[in-house]
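Chemist: The structure's right below; bear with me while I get my questions together.
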Amino acid sequence: MIALKANTQREATKAKKKLYVKYMLSLRCEKNAKSELINLGLRHIISDNAIILLGNVTEDQLDALKENLKMAGLELLDEPDSMLIDRIITSIHEIVHDSDQLPNITYEEIINKKIVLGSEHILKIFSEVKGLSILHYIVLQKIEKVKELLLYSDLSLPEIAGRLHYKNKHSLTAQLRKFTGLTPDYFRKIKRKRERNLNRNQETSNRN
1 MIALKANTQR EATKAKKKLY VKYMLSLRCE KNAKSELINL GLRHIISDNA IILLGNVTED
61 QLDALKENLK MAGLELLDEP DSMLIDRIIT SIHEIVHDSD QLPNITYEEI INKKIVLGSE
121 HILKIFSEVK GLSILHYIVL QKIEKVKELL LYSDLSLPEI AGRLHYKNKH SLTAQLRKFT
181 GLTPDYFRKI KRKRERNLNR NQETSNRN
């Protein structure tokens, strides 16, 4: 393990830095990374396969962190690759969650248009960071959007299927059940229960 000398004064980086970590795909991996961060005295948050460094971080501290993580079997991405991973994730979220309807092009076209990948390099890195392919990540985001629409909208199942480019409501139901073990009816029941609770709370508030 690399320790830092007390007189290390190489230029500090900006006060908040987010760097993704390759192969940090389990709680045990996160625990190992956290141990290295604590040993180096670095204030941090570990979230979604990334380390967020808080406060000023010197280049020597960053170099030591990279080496110590490497000895733990992990690999800290540099800032350009970390920013590219962030752009991919942000673009996917914008496309799936912030659009009323998905654009009528393939996901490969969406990613290439938004990110300008140009090679398999970043696709490989994404999988090594997230533990799944970009296409599988998009599917998971679609499932989250399906759940949101079932819980918060009055759209019919065929309408939701159309918005998210499923072939039909049966295809949507099959994928939802595959990833959650639950059916659309389950989420609609939850929606009705929540609405009843809200109505009861509102009635109680009005009486008071």
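For what it's worth, UniProt numbering labels the leading residue of the sequence shown as 1, then goes sequentially.
C-beta: ideal position from N, C-alpha, C; glycine also.
Taking all protein chains shown into account, do 16 or more other C-beta atoms lie within 10 angstroms of the C-beta of residue 228, making it buried, or fewer, making it exposed?
Modeler: No answer is possible for residue 228: it lies beyond the span of the chain, which begins at 1 and ends at 208.
Chemist: Answer yes if the segment 88 to 102 comes into contact with the segment 54 to 66, meaning at least three C-beta pairs across the two stretches below 8 Å, and no otherwise.
Modeler: No: the two stretches stay apart, fewer than three of their Cβ pairs being nearer than 8 Å.
Chemist: In the structure shown, what three-state DSSP assignment does tyrosine 23 receive?
Modeler: Looking up residue 23 in the sequence shown gives position 23. If DSSP states are grouped into helix, strand and coil, tyrosine 23 belongs with coil.
Chemist: For the beta strand (DSSP E) that contains alanine 50, what are its first and last residues?
Modeler: Reading the sequence shown from its first residue, position 50 is the one you call residue 50. Counting along the chain, the beta strand (DSSP E) containing alanine 50 begins and ends at 50 to 54.
Chemist: Starting from serine 82 and walking both ways along the alpha helix (DSSP H), at which residues does that stretch end?
Modeler: One-based indexing of the sequence shown puts residue 82 at position 82. Start and end: 79 to 97.
Chemist: What does DSSP give as the partner residue(s) for glutamate 128 in the beta ladder?
Modeler: Reading the sequence shown from its first residue, position 128 is the one you call residue 128. Bridge partners of glutamate 128: none, in fact.
Chemist: Three-state secondary structure (DSSP) at leucine 149?
Modeler: Numbered from its first residue, the sequence shown carries residue 149 at position 149. It is helical.
Chemist: Tell me the DSSP secondary structure of glutamate 159 in three-state form.
Modeler: Indexing the sequence shown from 1 puts residue 159 at position 159. Reduced to three states, the DSSP call for glutamate 159 is helix.
Chemist: Just to confirm the assignment, what range does the beta strand (DSSP E) spanning serine 47 have?
Modeler: Taking the first residue of the sequence shown as 1, we reach residue 47 at position 47. Per DSSP, serine 47 belongs to the beta strand (DSSP E) from 44 to 47.
Chemist: Grouping DSSP H, G and I as helix and E and B as strand, with all else coil, what is lysine 17?
Modeler: In the sequence shown, residue 17 corresponds to position 17, counting from 1. Lysine 17 falls in the strand class under three-state DSSP.
Chemist: Quick one: give me the first and last residue of the alpha helix (DSSP H) that asparagine 68 is part of.
Modeler: Here residue 68 refers to the residue found at position 68 when the sequence shown is read from its first residue. First-last of the alpha helix (DSSP H) with asparagine 68: 59 to 71.
Chemist: Buried or exposed for residue 209, going by 16 or more other Cβ atoms inside 10 Å?
Modeler: The requested residue 209 does not occur in the structure, where the chain is confined to residues 1 to 208.
Chemist: Counting only the same chain and skipping the five closest in sequence on each side, list residues whose C-beta sits under 8 Å from that of alanine 161.
Modeler: Indexing the sequence shown from 1 puts residue 161 at position 161. Cβ neighbours of alanine 161 beyond the five flanking positions: Lys167, Asn168, Lys169, Ser171, Leu172.
Chemist: Decide if leucine 150 is buried, meaning its Cβ has at least 16 other Cβ atoms within 10 Å, or exposed.
Modeler: For the purposes of this step, residue 150 is identified with residue 150 of the sequence shown, where counting begins at 1. Answer is buried; the Cβ neighbour count reaches 16.
Chemist: With the cut-off set at 8 Å, would you say leucine 84 and glutamate 75 are in Cβ contact?
Modeler: On the sequence shown, residue 84 is found 84 positions in, with the first residue counted as 1. On the sequence shown, residue 75 is found 75 positions in, with the first residue counted as 1. Cβ atoms of leucine 84 and glutamate 75: not closer than 8 Å.
Chemist: I need the straight-line Cα distance from glycine 73 to valine 139, nearest angstrom please.
Modeler: For the purposes of this step, residue 73 is taken as residue 73 along the sequence shown, with counting starting at 1. For the purposes of this step, residue 139 is taken as residue 139 along the sequence shown, with counting starting at 1. For glycine 73 and valine 139, the distance between alpha carbons rounds to 29 Å.
Chemist: Is DSSP giving glutamate 120 helix, strand or coil here?
Modeler: As a first step, residue 120 must be located in the sequence shown, where it is residue number 120. Glutamate 120: coil per DSSP, three-state reduction.
Chemist: Taking the continuous alpha helix (DSSP H) assigned at serine 133, which residues delimit it?
Modeler: To locate residue 133, count along the sequence shown from 1; it is residue 133. That residue, serine 133, is in no alpha helix (DSSP H); it is neither H nor E in DSSP.
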